[in-house]
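A.B. asks: To start, I am sharing the structure in question, which I have written as structure tokens.
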Amino acid sequence: MILGIHHVQITIPKGKEQAGKTFYCGVLGLKEKEKPESLKGRGGFWLEVGDREVHVGTEDGVDRTKSKAHIAYQVKDIRYWQAKLEKYGITIMESIPIPGFERFEFRDPFGNRVEMIQVM
58 MILGIHHVQI
68 TIPKGKEQAG
78 KTFYCGVLGL
88 KEKEKPESLK
98 GRGGFWLEVG
108 DREVHVGTED
118 GVDRTKSKAH
128 IAYQVKDIRY
138 WQAKLEKYGI
148 TIMESIPIPG
158 FERFEFRDPF
168 GNRVEMIQVM
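Read in order, the letters of the sequence shown are residues 58 to 177 in the numbering used here.
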């Protein structure tokens, strides 16, 4: 039996961890979680998102802009997030409507697709 989701992983280019932390910790306000000693040498970093984790790994040779794969962050104030991201020069993309939700998408500085979603 599957109990739930423990973590998801996204990737950024190798050597871009500081830029990744600037965006994910600085702009999005997510908290970094210390990786286990046995994994520290592999690059990347981990984030806490509520009671779940996002693992940011590193890999080269990937065109993230062509992927539909994404992570959706549930938020309380979608307009706040839209305005904040636009302030940082992030292009907001409208999403196909889903009854009961308000949402939008954007690409992080590395090309990963990200969704912000609010329950209405």
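Yeah, the Cβ is synthetic: ideal placement off N, Cα and C, and Gly gets one too.
Roughly how many angstroms lie between the CA atoms of residue 68 and residue 157, to the nearest whole one?
C.D. replies: 30 Å
A.B. asks: If you draw a straight line from the C-alpha of residue 177 to the C-alpha of residue 102, how long is it?
C.D. replies: Each residue's Cα considered, the two are about 32 Å apart.
A.B. asks: Measuring CA to CA, which of 175, 127, 86, 151 is closest to residue 168?
C.D. replies: 127
A.B. asks: Identify, in the order they occur along the chain, each residue of the same chain with its Cβ nearer than 6 Å to the Cβ of residue 82, setting aside the five sequence neighbours on each side.
C.D. replies: 89
A.B. asks: With residue 104 as the anchor, note down where its beta strand (DSSP E) starts and where it stops.
C.D. replies: 102-106
A.B. asks: Measure how close the beta-carbons of residue 159 and residue 171 come, nearest whole angstrom, since I'm counting them as under 8 Å.
C.D. replies: Wrong, their Cβ atoms sit about 15 Å apart, outside the cutoff.
A.B. asks: Do you know offhand how far residue 119's Cα is from residue 64's?
C.D. replies: 21 Å
A.B. asks: Name the residue from 150, 133, 58, 72 whose alpha carbon lies nearest to the alpha carbon of residue 116.
C.D. replies: 72
A.B. asks: Residue range of the alpha helix (DSSP H) that residue 136 falls in?
C.D. replies: 135-144 is the extent of the alpha helix (DSSP H) around residue 136.
A.B. asks: By the DSSP assignment, the beta strand (DSSP E) with residue 159 in it spans what residues?
C.D. replies: 158-164
A.B. asks: Can you tell which of 79, 78, 173 has its C-alpha closest to the C-alpha of residue 148?
C.D. replies: 173
A.B. asks: Going by beta-carbon coordinates alone, are residue 80 and residue 165 separated by less than 8 Å?
C.D. replies: yes
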